[in-house]
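Respectively, the protein sequence lines represent chains A and B.
So the first sequence is residues 0 to 134, counted in numbering that gives the first Met the number 0.
So the second sequence is residues 0 to 134, counted in numbering that gives the first Met the number 0.
Protein chains: 2
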Amino acid sequence: MNISEVSQRTGVSPKNIRFYEQRGLLTPPERADNGYRAYVETHVAEILMIKRARLIGFSLDECQSLLALSRDPHRSSADVKQHALDKLAQIDSKIAELEAMRTTLSALTQQCPGDASPQCPILTALGESPCNKHG
Amino acid sequence: MNISEVSQRTGVSPKNIRFYEQRGLLTPPERADNGYRAYVETHVAEILMIKRARLIGFSLDECQSLLALSRDPHRSSADVKQHALDKLAQIDSKIAELEAMRTTLSALTQQCPGDASPQCPILTALGESPCNKHG
DNA sequence: GATAAAGGTTCTAGCTACTGGAAGGTCAAG
DNA sequence: CTTGACCTTCCAGTAGCTAGAACCTTTATC
């Protein structure tokens, strides 16, 4: 299987597949006589696993850990679950951060008339003097 | 005012302040005879504005636009508001994305026993064969 | 056989927003 | 005169790719 077929079957670009290999996430495939990478089914499965893990927020390093656990017959599901719980906590804090931004920004936009006048509560809130300086 | 004082007053690191200048966000300060940057109050205000805009999610490029609007007496508040509304939409879509991850990940963790057994629904969902392969 | 298109390979560089470090000049105190 | 803190510059690295250059291989067509 050449790289473009793997790409089509996984929806991951050839560049990206090579990148994953170079990053050490993917076990390097055998090479054909012409130097082309010769992939097998296992590679497709690994790439799909990376893709799904990425979709739910895991970093490449974390994907690497997950793949290692996946390959290890002596793993415990507790290890995997811990990774997932850690990630869940990260996602929650990221959501909280974005919600805070949203709240602030939403309040500001509602105060802004959005007309032709230069007077703008958004800029004022960001630190601009409301109209004139007192210094 | 030397860079470290500006840093203390804004809570932005000297490295970061130089970086903002190099990126073109900050108007370059005059230089003292020894080559040191000599900041004035305006710079502190600009840096604080960048800091607050960054906190509510604006990118550096967007901060640059906001600063430009802030300096322009002929601006309209509508322009500023549009920037804010765009950013709000971006934040909303990012939150939605994270919520989707959260939902999936949360469901998976709840299915995982988290014990010593290697059998793990999380890995299964990520693409691993449930127990054995059919190939 | 010539040639062109469509694959493959490697390498380098760019993106965001910084941070850290090296190598060196300057300033204030002892 | 030395020490330490400050300042300067530039280079490199972080995450996760993507784009491009420069080159080789395969396949099809003329």
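No residue lacks a Cβ here, since even glycine has one placed at the ideal position from N, Cα and C.
No experiment lies behind these values; they were computed from the predicted model shown.
Residue i at chain B interface by Cβ criterion, 8 Å
i                : result
PRO112 (chain A) : yes
ALA88 (chain A)  : no
ALA31 (chain A)  : no
PRO13 (chain A)  : no
PRO72 (chain A)  : yes
ALA95 (chain A)  : no
ALA44 (chain A)  : yes
ILE55 (chain A)  : yes
ILE16 (chain A)  : no
THR108 (chain A) : yes
SER58 (chain A)  : no
SER3 (chain A)   : no
HIS133 (chain A) : The predicted model places HIS133 (chain A) with a pLDDT of 38, which falls under 50 and marks its position as unreliable; any figure quoted below should be read in that light. No, HIS133 (chain A) lies away from the interface with chain B (no Cβ there is under 8 Å from its Cβ).
Burial state of residue i (16 or more Cβ within 10 Å)
i                : result
PRO145 (chain B) : The structure shown does not extend to residue 145 (chain B), since chain B is modelled only from 0 to 134, so the question has no answer here.
HIS42 (chain B)  : buried
GLU45 (chain B)  : buried
THR102 (chain A) : exposed
TYR35 (chain A)  : exposed
GLU56 (chain B)  : Sequence inspection shows Gly at residue 56 (chain B); the Glu mentioned does not correspond to that position. Buried: at least 16 other Cβ atoms inside 10 Å.
SER69 (chain A)  : buried
THR26 (chain B)  : exposed
GLU127 (chain A) : buried
VAL39 (chain A)  : exposed
ALA88 (chain B)  : exposed
ALA31 (chain B)  : exposed
ALA67 (chain A)  : exposed
Any C-beta of chain A under 8 Å from that of residue i
i                : result
VAL39 (chain B)  : no
MET100 (chain B) : yes
TYR19 (chain B)  : no
CYS130 (chain B) : Its pLDDT being 43, under 50, CYS130 (chain B) is placed unreliably in this model, and the value from its coordinates should be taken loosely. So no, CYS130 (chain B) is outside the interface.
GLY126 (chain B) : yes
LEU24 (chain B)  : no
Identified DSSP bridge partners for residue i
i               : result
ALA37 (chain B) : B:GLU29
Neighbour list for residue i in chain B, Cβ cutoff strictly below 9 Å
i               : result
GLN7 (chain A)  : Near GLN7 (chain A) there are no residues of chain B at all, since even the closest Cβ is about 17 Å away, more than 9 Å.
MET48 (chain A) : LEU122, LEU125, GLY126, GLU127
SER92 (chain A) : The premise fails here: SER92 (chain A) is roughly 10 Å from chain B at the closest Cβ pair, so nothing lies under 9 Å.
Contacts of residue i in chain A (Cβ-Cβ under 9 Å)
i                : result
ILE121 (chain B) : LEU65, SER76, VAL79, LYS80, HIS82, ALA83
Beta-carbon neighbours of residue i, restricted to chain B and to distances below 8 Å
i                : result
SER116 (chain A) : SER75, SER76
Partners in chain A for residue i, counting only beta-carbon separations shorter than 8 Å
i               : result
ARG36 (chain B) : Those within 8 Å of ARG36 (chain B) in chain A number zero; the least Cβ separation is about 20 Å.
Closer than 7 Å at the beta carbon, the chain A residues around residue i
i                : result
SER135 (chain B) : Because chain B is modelled from 0 through 134, residue 135 (chain B) falls outside the range shown and cannot be assessed.
### Message
Assess contact between the segment 12–24 of chain B and the segment 100–116 of chain A, defined as three or more Cβ pairs (one per stretch) separated by less than 8 Å. Is contact present?
### Response
Judged by Cβ distances under 8 Å, the segment 12–24 of chain B makes no contact with the segment 100–116 of chain A, as fewer than three pairs qualify.
### Task
Determine, using beta-carbon pairs with one atom in the segment 64–75 of chain B and one in the segment 89–97 of chain B, whether at least three such pairs fall under 8 Å.
Contact between the segment 64–75 of chain B and the segment 89–97 of chain B is absent: fewer than three C-beta pairs spanning the two stretches fall below 8 Å.
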